[in-house]
Amino acid sequence: MSFRAFLSKDLREILRTWRIFVLPGILLFSAVTGPPTAAYTAELLATLGGDIFAGVMPDPTWVDSYAQWTKNLSQIVGFALIIMLGSAISGEKRAGTAIMVLTKPVSRAGFVLSKFVSTAILLIGATLVGMLATWGVTLIWFPDAPFGPLLAATAAWLLFALLLVAVVLLGSAAVDSGAGAAGIGLGFFFLLMLSGIWGPMLRWTPAGMVNAPVALGADVAVDILWPALTTAFLIVALVWAAVKVFERREL
Numbered sequence: 006m007s008f009r010a011f012l013s014k015d016l017r018e019i020l021r022t023w024r025i026f027v028l029p030g031i032l033l034f035s036a037v038t039g040p041p042t043a044a045y046t047a048e049l050l051a052t053l054g055g056d057i058f059a060g061v062m063p064d065p066t067w068v069d070s071y072a073q074w075t076k077n078l079s080q081i082v083g084f085a086l087i088i089m090l091g092s093a094i095s096g097e098k099r100a101g102t103a104i105m106v107l108t109k110p111v112s113r114a115g116f117v118l119s120k121f122v123s124t125a126i127l128l129i130g131a132t133l134v135g136m137l138a139t140w141g142v143t144l145i146w147f148p149d150a151p152f153g154p155l156l157a158a159t160a161a162w163l164l165f166a167l168l169l170v171a172v173v174l175l176g177s178a179a180v181d182s183g184a185g186a187a188g189i190g191l192g193f194f195f196l197l198m199l200s201g202i203w204g205p206m207l208r209w210t211p212a213g214m215v216n217a218p219v220a221l222g223a224d225v226a227v228d229i230l231w232p233a234l235t236t237a238f239l240i241v242a243l244v245w246a247a248v249k250v251f252e253r254r255e256l
């Protein structure tokens, strides 16, 4: 069974299961609700707080709308992605699907790589649709909203999200528990957030990608060359490690 056959199988499973609804649904919900939330938050606070917030809250701009999008990506979508992927490999082992497929003379590497690629296709496709929806809805309230900052912020987050995918896949290949693999992904995410407190980690490692989407969405100049390069390298290394770990595990 070739990599293409594995990939075709995984893509069909995505289309036939809850995965096709959960991640795209969360992304579209974030895209549609973010701009109006940004537009009316200040007005709502002024109404509820009376003189407390009067004149304190600045008028909302497209920056606030894009900030809602990047915040939802980093928090809600990121966590959902980690939890969804926890049983990507271990779940198939428990269900017996992996055993039925891999007892034949086929490549375990193709099995793992197809999980990564199929998830990346779903993630990138759904995120790009959500990004376009965000821009379209933002233009309703903020007609001067530029597209460039939104594109840059979304691209930066996608690179970071693919790193999370690689981490969770490695966890799913290493442990038999979907919750355990998801825990590895969440632990990695929080570790990067904490390590970003130290300047060198922020400048040279994937820790610099955690908050980069917020800055890019606000059209603030930020140097993410090295964080992006180290993130890309780590993605490749982690997927390779997931393949090697899975090749050595008993089904």
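Be aware that the sequence shown starts at 6, since it is given in my numbering, and climbs by one per residue. Cβ atoms here follow ideal geometry from the backbone N, Cα and C, with glycine treated the same way. Remember, predicted model here, so these are calculated numbers, not experimental data.
**Study point:** DSSP-derived helix/strand/coil call for W231
**Key:** helix
Exercise for review: Could you spell out where the alpha helix (DSSP H) holding L86 opens and where it closes?
Suggested key: L86: member of the alpha helix (DSSP H) spanning G83 to L90, first to last residue.
**Study point:** Stretch-stretch touch, CB-based, cutoff 8 Å, three pairs: the stretch 141-154 with the stretch 203-213
**Key:** no
Practice item. Please go through the same chain and pick out, in chain order, the residues whose beta-carbon is closer than 7 Å to the beta-carbon of A166, but skip the five residues on each side of it. Key: G83, L86 and L128
**Study point:** Local conformation of G188 per DSSP, three classes
**Key:** helix
Check your understanding: Per the contact definition of three or more C-beta pairs closer than 8 Å, is the stretch 67-81 in contact with the stretch 212-225?
Key -> yes
Review point. Looking at the unbroken alpha helix (DSSP H) that takes in F147, where does it start and where does it end?
Key: Element bounds for F147: n/a, residue is neither H nor E.
Check your understanding: Under a Cβ-count criterion, where at least 16 other Cβ atoms within 10 Å of its own Cβ denotes burial, should M198 be classed as buried or exposed?
Key -> exposed
Review point. For K14, which of G190, V227 and K120 has the nearest alpha-carbon?
Key: K120
Check your understanding: Cβ atoms of G190 and A169: under 9 Å apart, would you say?
Key -> Per the sequence shown, the amino acid found at residue 169 is Leu instead of Ala. A contact, by the Cβ cut-off of 9 Å.
Practice item. Could you check if W231 is buried or exposed, using at least 16 other CB atoms within 10 Å of its CB as the buried criterion? Key: exposed
Check your understanding: What do you reckon, are the CB atoms on A187 and V37 nearer than 9 Å?
Key -> Taking 9 Å as the Cβ cut-off, A187 and V37 do not qualify as a contacting pair.
Check your understanding: Helix, strand or coil: how does DSSP classify V248 here?
Key -> Three-state result, V248: helix.
Point to revise | A242 versus D64: straight-line alpha-carbon distance, rounded | key: Taking the straight line from one Cα to the other gives about 45 Å.
Check your understanding: Taking buried to mean at least 16 other C-beta atoms within 10 Å of its own C-beta, is L174 buried or exposed?
Key -> L174 comes out buried.
Point to revise | Nearest neighbour of A131, chosen from L234, E18, A171 and L33 [CA to CA] | key: L33
Review point. How would you label S7, buried or exposed, when you count the other beta carbons within 10 angstroms and need 16 or more for buried?
Key: Exposed is the call here.
Practice item. With a cut-off of 8 Å on the beta carbons, I'd call I94 and V117 a contact; round off their distance for me. Key: 7 Å
Check your understanding: Quick one: what's got a C-beta closer than 8 Å to R113's C-beta in the same chain, skipping five residues either side?
Key -> L107, V248, F251 and E252
Practice item. Out of V142, P148, T143 and L156, point me to the one whose CA is closest to L133's CA. Key: L156
Review point. Relative to the alpha-carbon of D181, which residue among G91, P41 and R24 has its alpha-carbon at the smallest distance?
Key: G91
Check your understanding: Mapping DSSP to helix, strand and coil, what is T46?
Key -> In the three-state DSSP reduction, T46 falls in the helix class (H, G or I).
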